[in-house]
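*Asks:* Quick note, the sequence shown lines up with residues 707 to 1017 if you use this note's numbering. Using N, Cα and C, we set each Cβ at its ideal position, and we do this for glycine too. Remember, it's a predicted structure, so these values are computed and weren't measured experimentally. One structure, as C-alpha cells, below. Some questions next.
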Amino acid sequence: SRELEETYRGVLELANELDIAHHNLVTAERNIELVSETTRLVMWEWAPGMNGFDFSGFSTGAMGQALDNLCSGEDGVAACMYPDDLAGYHREWDGLLSGRRAVMRFECRLLMDKDTWLWVLFTARVTGRSEDGRATRVVGTVLDIEEQKNAESSVRKLNEALEKRVEQRTRDLKRVNARLKNEIAVRIKVERDLEAAKMEAERASIEKSRFLARMTHELRTPLHAIIGYADLLTEDERLPEEQKSRIDIINVSGAHLLSLINDILDLSRIESGRIELNNREFSLPDLVSSIYDMLKVRADEKKLGLELFLA
707 SRELEETYRG VLELANELDI AHHNLVTAER NIELVSETTR LVMWEWAPGM NGFDFSGFST
767 GAMGQALDNL CSGEDGVAAC MYPDDLAGYH REWDGLLSGR RAVMRFECRL LMDKDTWLWV
827 LFTARVTGRS EDGRATRVVG TVLDIEEQKN AESSVRKLNE ALEKRVEQRT RDLKRVNARL
887 KNEIAVRIKV ERDLEAAKME AERASIEKSR FLARMTHELR TPLHAIIGYA DLLTEDERLP
947 EEQKSRIDII NVSGAHLLSL INDILDLSRI ESGRIELNNR EFSLPDLVSS IYDMLKVRAD
1007 EKKLGLELFL A
C-alpha cells in the first residue's frame, strides 16, 4: 500500500542518515586519535558517579600508564600525581566544579612508572550543570608538555650558569678595580714623595749655594790681604832676589787659591744653571810654570826633586 511504501522510504532515509552519522563519528574518532598521537593530546570527560576520568574512545598515545592511573577515581589522582602538585590540583578542580573558575588550566606531574614522572597540562571546562548549579559534565584535555618543561629547565640552567659567570666576572672586575685603586693610590703617594724630595733637594741646593757663597767670602777676604801684602813686598827693591822669588811663589799660589775658590763658586753656579762659560786665550807655558812654582815649594820641603821641561 501507499502508506507502507512511504514508511519503507522513511526507514531507508533514516538508515542512510544513521550510516552517514556513523561514518562521520568514525571519521571524527580517527581524527581525534590522529591528533592525540601526533600532538600527545588526550581528551577526557567526567560526570558525577563516574569512576575517575573517562578516556574511552580516545587514544592515550604515549602517556599510557599515567592516564590509566587517572581512571580509578580520586584515589587514582592521589596515587599517580606528584605529592607537591596535589594541593594545587584540588584547589583548581574544586574551583571549576563550584563555578568560581570558568576554565581550569593546571600543570602537574603524573607517575609513568615506579620512578618516572611526566609533565602534563590539564585543561577542563564544565559543559553541563543541574538546576541547583552542580556540575553534571566536565570535558577536558591532557597535554604532554615534558619536552617543553625540559626545554624550560635547560634554559633555566643556562640562565643560572650565565648569572654565575656574570657574578664571577663582576667579582673579577671588583678585584681589578680594587687593585687599580691601590696602584693609583701608591702611584699618587710616590709622586707626592718625589715632589717632596725634589723640593727638599732644591731647598738643600739653595742652602748649599748660600753656604758656599759665605764660605768663599770668608776665604777670599784674608786671601786678598795676603796677595796684596805679597805685591807690596815684591815692590821693595831692597829684598834679595831669592826672597823676591819666594814672594812671587806666594803671590802665584794665592792667585791660584783664589782661582780655586772662584771655581767652587762656578760649580755651584753650574748646579743652579747660572754659569756662563768665558772662552778666551791663555798661555799654556805660563800656566804650567805657575803650577811648577807652587809644587816646587812643597817638593823642596820634602826634599824631592822636581823638574820642568817645556818643549
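Between Pro991, Glu1013, Ala910, Glu813, which has its C-alpha nearest Leu792's C-alpha?
*Replies:* For the residues Pro991, Glu1013, Ala910, Glu813, the minimum Cα distance to Leu792 belongs to Glu813.
*Asks:* Measuring CB to CB, does Arg811 end up less than 8 Å from Trp825?
*Replies:* No, the pair does not count as a contact, with Cβ atoms beyond the cut-off.
*Asks:* Could you compute how far the alpha carbon of Ser965 sits from the alpha carbon of Thr940?
*Replies:* Spanning the two alpha carbons is a distance of roughly 21 Å.
*Asks:* Consult DSSP for Ala670 and reduce its assignment to one of helix, strand or coil.
*Replies:* Because the chain spans 707 through 1017 in this model, residue 670 falls outside it and cannot be assessed.
*Asks:* Give me the residue from Leu1014, Asn985, Arg840 with the minimum Cα distance to Ser995.
*Replies:* If we check each option's Cα against that of Ser995, Leu1014 comes out closest.
*Asks:* Taking the alpha-carbon positions, what's the Thr829 to Gly846 distance?
*Replies:* Rounded to the nearest angstrom, the two C-alpha atoms are 5 Å apart.
*Asks:* Are the beta-carbon atoms of Val848 and Leu773 separated by less than 8 Å?
*Replies:* Yes, they are a contact pair.
*Asks:* Is the CB-CB distance between Thr833 and Arg840 below 8 Å?
*Replies:* No.
*Asks:* Going by the DSSP bridge assignment, what does Cys814 pair with across the sheet?
*Replies:* DSSP lists Val826 as partners of Cys814.
*Asks:* Below 8 Å, how does it come out for the stretch 918-936 and the stretch 883-891: are there three or more Cβ pairs, yes or no?
*Replies:* As far as the Cβ criterion goes, the stretch 918-936 does not touch the stretch 883-891, which means the pair count is below three.
*Asks:* Is the beta carbon of Arg831 closer than 8 Å to that of Val809?
*Replies:* Yes, the Cβ-Cβ distance between Val809 and Arg831 is below 8 Å.
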